[in-house]
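Have a look at the structure below, then the notes.
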Amino acid sequence: MQFPSLNQICHLEGSINYTIVHLNNGHKKMFPYTLKKCEAFLSQIHGHSFIRIHKSYLVKKDSIKEIKTRPLNIVILNSGKELPLARRRKIK
Numbered sequence: 021m022q023f024p025s026l027n028q029i030c031h032l033e034g035s036i037n038y039t040i041v042h043l044n045n046g047h048k049k050m051f052p053y054t055l056k057k058c059e060a061f062l063s064q065i066h067g068h069s070f071i072r073i074h075k076s077y078l079v080k081k082d083s084i085k086e087i088k089t090r091p092l093n094i095v096i097l098n099s100g101k102e103l104p105l106a107r108r109r110k111i112k
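Residue numbers for the sequence shown follow my numbering, so the first one is 21 and each next one is one higher.
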């Protein structure tokens, strides 16, 4: 797998059998792998730098600006983008 460097990645979004990698500069790259496979690959290479916040999203811990649980569970990224946080996922 030829992923962009770790400092370029903001978050990953799963879309059926594809993964969209969102970069810090606003660009996107699509890879023909499931999000689960990308998560396994990144955990081998980068350890615990990424966290699964939802069945469709994997976020780099450094990209998280704020976590809100009221009224909705959302994660706000440094870029200002808001992503859903699954009720069963806990972020430490």
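Glycine residues also receive a C-beta, built at the ideal position from the N, C-alpha and C atoms.
Judged by their CB atoms, Leu105 and His74 are nearer to each other than the 8 angstroms cut-off. Counting other Cβ atoms within 10 Å of its Cβ, His31 reaches 16 or more and is therefore classed as buried. Counted as a single uninterrupted DSSP element, the stretch harbouring His42 is not any alpha helix (DSSP H) but the beta strand (DSSP E) occupying residues Tyr38 to Leu43.
In this structure, Glu33 is the residue among Glu33, Ser25, Tyr38 and Gly100 with its C-alpha nearest to the C-alpha of Ile71.
As computed with DSSP, Glu86 is found in a beta bridge with Ile96.
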